[in-house]
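S.K.: Please find one structure pasted underneath; my questions will follow.
In the UniProt record's numbering, the protein residues as written are 1 to 306.
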């Protein structure tokens with residue numbers, strides 16, 4: 001059987017890699033607890049994506065269609081949620097994505113989890129926060145043209161954030177140094193959105209240019225995935241695109257790793273710097289994430305993989 005491979009957002013591989021590597025930037029006061037639970041934090045980095053079609057209100061947390069509000073919206077949109085609601089109304093905001101505000105919300109929840117010394121909540125929220133931070137560092141998460149559907153480039157979303165990391169990430173340099181405290185995490189989230197949106201033109205323009213240089217049989221190839229023979233972007237096309245982008249995907253992954261570690265560290269400091277070694281002695285429940293019941297009707301959501 002032949003199928004076209006549909007990639008998950010940032011790729012499950014990339015989301016897991018970001019959370020995993022962020023652990024090693026944490027200070028010694030946090031490192032033992034996070035290393036002990038690194039498998040959970042890594043594997044559950046993809047939980048928000050799993051909830052997108054099962055939990056109402058989840059999908060809009062992954063993106064911001066900034067261009068809906070105008071060409072310069074990333075510089076002018078209200079930075080704080082209550083100000084944004086007062087200006088646009090909550091329903092309108094949710095219709096076009098709430099990613100940067102949601103990052104701050106989850107960071108605040110993590111801060112309270114540290115204050116409460118709740119190991120289950122700390123782990124679950126750390127994994128979630130890592131995912132949402134990864135998302136706002138993806139240029140295509142900041143535009144209505146999320147999958148190139150407005151520019152005849154359908155599939156570019158998964159190409160940029162999944163195919164490139166899956167093929168090339170083992171050669172990326174992911175050293176980011178030690179985590180640092182962030183004075184204003186809400187503004188830091190917006191800085192990430194701005195940088196991602198400013199990189200959007202390169203993502204689209206370079207792929208358009210590359211597409212003109214490759215015939216279809218050179219642009220795509222087939223790979224065996226389980227029992228399926230799937231059509232994917234060829235290695236040659238992927239490597240050429242990465243070269244045209246001058247390592248943009250590597251930079252954004254690296255930025256995500258640094259930012260995740262910084263946010264975890266900041267939440268811990270703001271949460272009173274609890275002794276996490278004490279939490280290592282507490283038994284953790286088997287189910288740390290929200291339970292999603294199988295067999296329930298899927299939540300209507302936009303068709304793209306944000």
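Glycine is no exception: its CB is placed at the ideal position from the N, C-alpha and C atoms.
In this structure, does DSSP put residue 56 in helix, strand or coil?
M.R.: By 1-based counting over the chain shown, the position of residue 56 is 56. Coil at residue 56, not helix or strand.
S.K.: Assuming residue 257 contacts residue 196 (C-beta within less than 8 Å), just tell me the rounded distance between them.
M.R.: Along the chain shown, one-based indexing puts residue 257 at 257. Along the chain shown, one-based indexing puts residue 196 at 196. Rounded, the Cβ-Cβ distance is 15 Å, inconsistent with contact.
S.K.: Take the Cβ of residue 252 as the centre, count every other Cβ of all protein chains shown within 10 Å, and call the residue buried at 16 or more, exposed below.
M.R.: Here residue 252 refers to the residue found at position 252 when the chain shown is read from its first residue. The residue is buried, with at least 16 neighbouring Cβ atoms inside 10 Å.
S.K.: Nearest to residue 96 by alpha carbon, out of 274, 259 and 144?
M.R.: Position 96 of the chain shown, counted from the first residue, corresponds to residue 96. Among 274, 259 and 144, the Cα nearest to that of residue 96 belongs to 144.
S.K.: What does a CB cutoff of less than 8 Å around residue 164 pick up in its chain, not counting 5 residues either side in sequence?
M.R.: Position 164 of the chain shown holds residue 164. Closer than 8 Å at the Cβ level, and outside the excluded window around residue 164, lie 238, 241, 242 and 249.
S.K.: Pull up the distance between the alpha-carbon of residue 132 and that of residue 62, whole angstroms please.
M.R.: Counting from 1 along the chain shown, the entry for residue 132 is found at position 132. Counting from 1 along the chain shown, the entry for residue 62 is found at position 62. Approximately 6 Å, taken between the alpha carbons.
S.K.: Between residue 138 and residue 127, what straight-line distance do the alpha-carbon atoms span, to the nearest angstrom?
M.R.: The sequence position of residue 138 within the chain shown is 138, counting from 1. The sequence position of residue 127 within the chain shown is 127, counting from 1. Using only the alpha carbons, I get a separation of about 18 Å.
S.K.: Secondary structure at residue 228, three-state DSSP: helix, strand or coil?
M.R.: The residue labelled residue 228 in the question sits at position 228 within the chain shown. In the structure shown, residue 228 sits in a strand (DSSP, three-state: E or B).
S.K.: Where do the N-terminal and C-terminal ends of the alpha helix (DSSP H) with residue 108 fall, by residue?
M.R.: Taking the first residue of the chain shown as position 1, residue 108 is located at position 108. Run containing residue 108: 99-116, per the alpha helix (DSSP H) assignment.
S.K.: Counting Cβ pairs closer than 8 Å, one from the region 221-231 and one from the region 179-188, do we hit at least three?
M.R.: no
S.K.: Compare the Cα-Cα distances from residue 39 to each of 76, 26, 123 and 116 and report the closest residue.
M.R.: Taking the first residue of the chain shown as position 1, residue 39 is located at position 39. Answer by Cα proximity: 123.
S.K.: For residue 273, which option in 18, 284, 30 and 22 has the closest C-alpha, if you only look at C-alpha atoms?
M.R.: Along the chain shown, one-based indexing puts residue 273 at 273. Looking at the Cα atoms, 30 is the closest of the given residues.
S.K.: Which stretch, first to last residue, makes up the alpha helix (DSSP H) that contains residue 91?
M.R.: Position 91 of the chain shown, counted from the first residue, corresponds to residue 91. Element bounds for residue 91: 90-95.
S.K.: Would you tell me roughly how many angstroms separate the C-alpha atoms of residue 330 and residue 161, rounded to the nearest one?
M.R.: The chain is shown from 1 up to 306; residue 330 falls before or after that span and cannot be answered.
S.K.: Within 10 angstroms of its Cβ, does residue 296 collect 16 or more other Cβ (buried), or is it exposed?
M.R.: Locating residue 296 in the chain shown gives position 296, counting from the first residue. Residue confidence is low: residue 296 scores 39 on pLDDT, short of 50, so the model does not pin down where it sits. No coordinate-derived value is stated.
S.K.: What does a CB cutoff of less than 7 Å around residue 234 pick up in its chain, not counting 5 residues either side in sequence?
M.R.: For this step, residue 234 is matched to residue 234 along the chain shown. The residues are 218, 219, 220 and 221.
S.K.: Figure out for me which residue from 120, 86 and 129 has the closest Cα to the Cα of residue 104.
M.R.: In the chain shown, residue 104 corresponds to position 104, counting from 1. Closest option to residue 104, Cα to Cα, is 129.
S.K.: So, at 7 Å on beta carbons, what are the nonlocal neighbours of residue 284 in its own chain, with the 5 sequence-adjacent residues on each side left out?
M.R.: Within the chain shown, the letter at position 284 stands for residue 284. Within the same chain, residue 284 has close Cβ partners 119 and 120.
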